[in-house]
Amino acid sequence: MAKKSVKSVNQIISEIKKGIIQPVYYICGNDQYSLDAAVDYLQKQLAPQINSEFDREIISVEKGDDINKIIDLALAFPFGDGKKLIVVKNFENINGRKEIVEYLGNPPDFTILVILHNAERLEFNREPFKLLNEKGYLYEAREETGEDLVYWLSNRARKMKLNFNDEQLRILIEIVGENKSLLNSQLDKIADYLSSNPDAEFEEIKKLINPTKTYSIFDLQDAIGAGNTAKALEIAYNLLDSNVDIVMLINMISKYILTITQALELMRMNLNDGEASSKLGVSWYYYINCKKAKFLLNENRLRKAARALYEADLAVKTTQTDPKDVVTQLLAKISS
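So the number in the working numbering is just where the residue sits in the sequence shown, counting from 1, plus 2.
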């Protein structure tokens, strides 16, 4: 028998629209935006079935908390004559996770248990995940990238009645980064602007796109490409102070360096800009900006930058080095 694939978190919406309500929703993954959105959706949709505020529980698990307390709460009858909703956050911190297997065998029909498990990767062939998947209670929320992220953003824009094509959406992602929360906030800002300026062109709208207090990642890439280390450092510090994650910062610089490396090769092939950008899977606007990075259009500098990015990524993953120190060393090595 073929192994049953894990359902996407997005299937929760289609199931509830069909009237399918599970007694357990175990939602796991590393896409915090989708995890939060799923809980908000479930709370709103299930609200009519909760007849007492005492039957609505939100639990944030701390390191070492015992799962039996949650199971006992789920097995207790509701105060009202409706159902009980229990939302458990940070389930990755719980002790005795396998003990939920017995509960899953026969969950009470008066409790809806929603569990959020933040994790990069889980072994779905092990318990309790194997049983959760067999029962149809397991949902995965993975961070989307590339064309999957463009598709997600396109759906969000369409729901907000924003008429953007995929090329424009790619530009938005390239400027803002791949964080869904930031992308969503940019769409809100654009929608507000267009409500009073409905005829605005995209070039005008693009000036609004800035997820931070002063700078965007696009500004950082431009400064690196120009060899302006002092400006790049100023922008990088601003981004970090504005809660842009150091891992995301390194990933976006890595994408920039990789695209320049590939652009250098395509320029030698004399491809036109449209063909080249399409071949690389980036927007025309992003490709042109990479071609303008005169300081980095050099194989030795690109090799040096790739090495510096590897060392920065290693420092973040294996040490407790301050992010500002990591980015300072990274930019110094790229420009040396």
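Here a beta-carbon is modelled for each residue, glycine too, at the ideal position from N, C-alpha and C. These numbers come from a predicted model, not from an experiment.
Beta-carbon separation (whole angstroms), residue i vs residue j, contact threshold 8 Å
| i | j | result |
| --- | --- | --- |
| I88 | L75 | 6 Å |
| L115 | P25 | 7 Å |
| A317 | V328 | 5 Å |
| Q264 | L241 | Rounded, the Cβ-Cβ distance is 25 Å, inconsistent with contact. |
| S391 | E176 | Because the chain is modelled from 3 through 338, residue 391 falls outside the range shown and cannot be assessed. |
| V11 | A40 | 5 Å |
Bridge partners - residue i, DSSP secondary structure assignment
| i | result |
| --- | --- |
| E59 | I88 |
| C292 | Paired residues: none, contrary to the question. |
| V26 | L115 |
Same chain, Cβ closer than 8 Å to residue i, five either side skipped, listed in chain order
| i | result |
| --- | --- |
| K65 | N95 |
| I207 | I192, Y195, L196 |
| L77 | Y105, P110, T113 |
Beta-carbon contacts of residue i that lie in its chain and below 7 Å, excluding the five residues immediately before and after
| i | result |
| --- | --- |
| Q357 | This structure gives no information on residue 357, because the portion of the chain shown stretches from 3 to 338. |
| M162 | L189, A193 |
| T330 | L235 |
| R58 | I52, L87 |
| L151 | I175, E180 |
CB of residue i within 8 Å of CB of residue j, strictly
| i | j | result |
| --- | --- | --- |
| V246 | I211 | no |
| Y288 | I102 | no |
| L260 | L333 | no |
| I61 | I72 | yes |
| I69 | N97 | yes |
| G227 | A308 | no |
| E145 | D33 | yes |
| L298 | I262 | yes |
| L155 | L185 | yes |
| M254 | I219 | yes |
| N120 | V8 | no |
Other residues of its chain near residue i: CB distance less than 6 Å, five sequence neighbours each side excluded
| i | result |
| --- | --- |
| A314 | I252, V328, L332 |
| K191 | L210 |
| K319 | none |
* Quick one: any contact between the segment 41 to 61 and the segment 166 to 173, if contact means 3 or more CB pairs under 8 Å? -> no
* Cβ contact check for the segment 200 to 209 and the segment 247 to 260: 3 or more pairs under 8 Å -> At 8 Å Cβ cutoff, the stretches do not touch.
* To do: Would you be able to state if there are at least three C-beta pairs under 8 Å between the segment 10 to 30 and the segment 133 to 148?
  => yes
* Per the contact definition of three or more C-beta pairs closer than 8 Å, is the segment 263 to 277 in contact with the segment 145 to 161? -> no
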